[in-house]
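Following: one structure in structure tokens, then a few remarks.
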């Protein structure tokens, strides 16, 4: 796998050469855009607005507009803006990961040691694991500065990019008007939550939508008639108590259905007594053999 970034992690005066690899491998159906008339592939071209002609990638540059004029930036300009942060992740402090709001987490990367950094890399991983702490710093990736968290996870180092606080929308605009709830409703709601309590395991979640969509595609390809899509009725909850009671009852019935049936003790004992023959004592067997001789 090709690394997406190479540089170093600064841990005090220790400098560790590392490589970053994307931890995400997004799956999904690769759907093409087609012309409805003849199913021809749709292609997007890079067109010069002035000439109307297509421009090749090697002739495309990036620029920033100031007072109607563009300032063109080269790859060297991006590095000059912060040469240190383009190649260095400086761990400025260490903290517990639970102190970091999950809304700040962006993308995840696997960290691997580069040549010459194996021993220091292993030391940092072991130290983070032993203390239960995570390193916090920042660096520049793809011309964008990102705060980062470095942590030990399952004997490897993982780096998570974070979002700046100004990138997070103010939650106050989404706050709802407080409506009084009665004790019975609250007790039943908390009871339902407790009955559904369990240990989180991501393996129990499957991408069933993509599976069903692929089945539909194969059915259409073979000329099979597709069943009508069921209507999804979205009705607001009016009688909360009744719906909570139904939810609890439904959960109990499903729980009972999953329990294995206990076999009857009487039927087992009868069958055993009939089918298992009595054993002949060894002395009796030897006596019968002596008489035959």
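In this note's numbering, the protein residues as written are 10 to 302.
Just so it is clear, CB atoms sit at the ideal spot from N, CA and C, and this is done for glycine as well.
Just so it is clear, the structure is predicted and the values come from calculations on it, not from any experiment.
The three-state reading of DSSP puts residue 34 in coil, since its state is none of H, G, I, E or B. Using a Cβ distance threshold of 8 angstroms, residue 72 and residue 80 count as a contacting pair. Comparing alpha-carbon positions, the option among 150, 172, 185, 128 lying closest to residue 92 turns out to be 150.
The continuous alpha helix (DSSP H) containing residue 137 extends over residues 127-140. Judged by DSSP in its simplified three-state form, residue 263 adopts helix. Apart from sequence neighbours up to five positions away, the residues of its chain that approach residue 29 with a beta-carbon distance below 7 angstroms are 12, 13, 14, 118, 120, 168, ordered along the chain. In this structure, the CA atom of residue 156 is about 19 angstroms from the CA atom of residue 24.
Under the three-state reduction of DSSP output, residue 68 falls in the helix class. Pairing residue 204 with residue 257 gives a Cβ-Cβ distance under 8 angstroms.
In this structure, DSSP gives residue 236 a state outside helix and strand, which the three-state scheme calls coil.
Rounded to whole angstroms, the Cβ separation of residue 154 and residue 147 is 6 angstroms, and the two are in contact under 8 angstroms. According to DSSP, residue pairing for residue 224 in a beta bridge does not occur.
In the DSSP assignment, the residues bridged to residue 50 are 43. Residue burial is scored here from C-beta neighbours: residue 137 has at least 16 other C-beta atoms within 10 angstroms and is therefore classed as buried. For secondary structure counted as the beta strand (DSSP E) over 3 or more consecutive residues, the stretch 169-194 holds no complete run. Taking C-beta separations shorter than 8 angstroms and ignoring five residues to either side along the sequence, the partners of residue 115 in its chain run 155, 169, 170, 171, 172, following chain order. A Cβ-Cβ distance of about 5 angstroms is found for the pair residue 106 and residue 143, placing them in contact under the 8 angstroms criterion. In this structure, the CA atom of residue 237 is about 23 angstroms from the CA atom of residue 45.
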